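Sequential numbering of the sequence shown, starting at 0, is according to numbering that gives the first Met the number 0. Quick reminder that beta carbons are idealized off the backbone N, C-alpha and C, glycines included. Note that the coordinates shown come from a computational prediction; the quantities given were computed from them, not determined experimentally.
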Amino acid sequence: MFFHSINETLSLSLLHPRMAPELFRLVDDNRGHLSPWLGWVAHTASPADSAAFIRQTLHDHAEGKRLICGLHDHQGRSRLIGLVSFNDIMPATGRASLGYWLGERWQGRGLMTLACQAMTQLAFEHYDLHKV
Numbered sequence: 000m001f002f003h004s005i006n007e008t009l010s011l012s013l014l015h016p017r018m019a020p021e022l023f024r025l026v027d028d029n030r031g032h033l034s035p036w037l038g039w040v041a042h043t044a045s046p047a048d049s050a051a052f053i054r055q056t057l058h059d060h061a062e063g064k065r066l067i068c069g070l071h072d073h074q075g076r077s078r079l080i081g082l083v084s085f086n087d088i089m090p091a092t093g094r095a096s097l098g099y100w101l102g103e104r105w106q107g108r109g110l111m112t113l114a115c116q117a118m119t120q121l122a123f124e125h126y127d128l129h130k131v
């Protein structure tokens, strides 16, 4: 299982099927905030949809296609606050695209900047990528 500590209060991890209810709640609570930019939000109607998404992300990770991580805030109780990902990993060209979204209440604190910096460092140091 992939886990990466960013700092004492922030970490990245692979999504796990038991995270489906929490992921669904995060998406559901942020529909208005996320919908203008992310078309898939409208198709996330239940925790079962989040569970199917998580299963697909794990399959894609096993095949080396994508790395989709939950971003977790550990201030107080640990909670999922967003996702950050390498989409379309292309080992042959050493490239991946970076995607992310964050729950509205956690914006403006530099958390996603830290997460993207951590992912970029992982890209170069652990995935042998050359361009993100």
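Around the beta-carbon of W100, 16 or more other beta-carbon atoms lie within 10 Å, marking it buried. If the five residues before and after K130 are omitted, its C-beta is found closer than 7 Å to the C-beta atoms of G93 and R94, all from its own chain and listed in chain order. The three-state reading of DSSP puts L9 in strand, counting E and B together.
Taking a contact to require three or more Cβ pairs closer than 8 Å, the stretch 40-48 and the stretch 59-75 do not qualify as touching. Per DSSP, M118 lies in no beta strand (DSSP E) segment; the continuous alpha helix (DSSP H) that holds it begins and ends at L110 to E124. Taken in chain order, the whole alpha helix (DSSP H) runs of length 4 or more contained in the stretch 36-103 are 46-61.
In the structure shown, F23 adopts helical secondary structure according to DSSP, grouped into three states.
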